[in-house]
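Here you go:
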């Protein structure tokens with residue numbers, strides 16, 4: 048009997064964990080999509096962003112507000128670094144940024 052209880056408990060924790068990971072991934076995907084949208088829309092007309100960090104600086108306050116409104120964890124002390132990492136992974140980064148820095 049105890050074995051069945053333990054197996055059920057483990058299965059429940061696993062399902063709960065998977066659901067939590069799914070929700071976290073959906074929030075991250077939403078955050079990334081918004082950052083990408085802002086960078087694409089804010090690109091200087093007729094040119095590229097000078098550097099990824101320039102784009103991150105330009106959108107960081109909007110992204111903090113976006114995260115707050117959507118219940119996504121974003122910390123002001125590391126938002127610039129986090130955005131630089133995300134923007135560096137954009138599929139069209141070569142078309143959007145002069146340099147990676």
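Numbering (our numbering), first residue to last: 48 to 148.
Idealized CB from N, CA, C, for every residue including glycine.
Values in this document were obtained by computation on a predicted structure and should not be read as measured data.
Quiz item: Would you call the segment 137-144 and the segment 117-126 in contact, with 3 or more CB pairs under 8 Å?
Solution: no
Practice problem: To the nearest angstrom, report how far apart residue 133 and residue 122 are at their CA atoms. | Solution: 15 Å
Quiz item: DSSP on residue 69, reduced to helix/strand/coil?
Solution: helix
Quiz item: Which of the three DSSP states, helix, strand or coil, is assigned to residue 90?
Solution: coil
Quiz prompt | Contact belief for residue 105 with residue 131 at Cβ below 8 Å, rounded distance in angstroms | solution = No, residue 105 and residue 131 are not in contact; Cβ-Cβ is about 12 Å, not under 8 Å.
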